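Residue numbers (full-length UniProt numbering): 1 to 184.
Quick reminder that beta carbons are idealized off the backbone N, C-alpha and C, glycines included.
Keep in mind the model is a prediction, meaning the values are calculated, not measured.
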């Protein structure tokens, strides 16, 4: 069962979101301001945070920024009645999954919650797989492919690597070579 923290200074919004999300079988905790929410984030592990932008004591963007420094970062969906495009862009740059205006369209909100939790699960699975791969091979990181063609002295990487490699295999003169390296 996914754990969701709702941080909002409006009691009615918190109660509505809690009721809807509990009906969808999520475990819900609440905080009435950013400071209380940040304290809960430090004490417990959450999968997702629904966070208002404008709140007393500590605003939602500050909570988001603080949470981005945590080892196990929850996904954030920012909600606000005072939202502007600039605020949404700033929240996204700071790591928010999405930005939902108040009052939220409940169907859109539920879809966004599911998508954010799916992303959290995929990120977690990727980390586990990277650790397993690192233990098996002794390497960690990303594989980068470099190709050099003697004919026109150019280097290719990543997306064109497979295409260049395929071409070099067909090349009888051996004019191209491909090297795959792993970055740590």
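Thinking C-beta only, is residue j closer than 8 Å to residue i?
| i | j | result |
| --- | --- | --- |
| residue 3 | residue 27 | yes |
| residue 53 | residue 37 | no |
| residue 109 | residue 100 | yes |
| residue 91 | residue 61 | yes |
| residue 40 | residue 67 | no |
| residue 75 | residue 120 | yes |
| residue 102 | residue 80 | yes |
| residue 59 | residue 77 | no |
| residue 25 | residue 55 | no |
For the beta strand (DSSP E) containing residue i, list its first residue and its last residue.
| i | result |
| --- | --- |
| residue 30 | 27-31 |
| residue 3 | 3-7 |
For the candidate residues the options, whose alpha-carbon lies nearest to that of residue i?
| i | options | result |
| --- | --- | --- |
| residue 69 | 79, 84, 95 | 95 |
| residue 117 | 35, 89, 103, 73 | 73 |
| residue 7 | 39, 124, 20, 30 | 30 |
| residue 34 | 25, 43, 24, 9 | 9 |
| residue 44 | 71, 56, 58, 24 | 71 |
| residue 14 | 104, 126, 122, 124 | 104 |
Is it a yes or a no for the region 104-113 touching the region 121-140, going by three-plus beta-carbon pairs under 8 Å? no
Suppose only complete runs of 3+ residues qualify. What are the beta strand (DSSP E) ranges in the UniProt domain "Response regulatory" (3-117), listed by chain order? 3-7, 27-31, 48-52, 75-80, 98-101
So, do the region 36-49 and the region 81-90 have three or more beta carbon pairs nearer to each other than 8 Å? no
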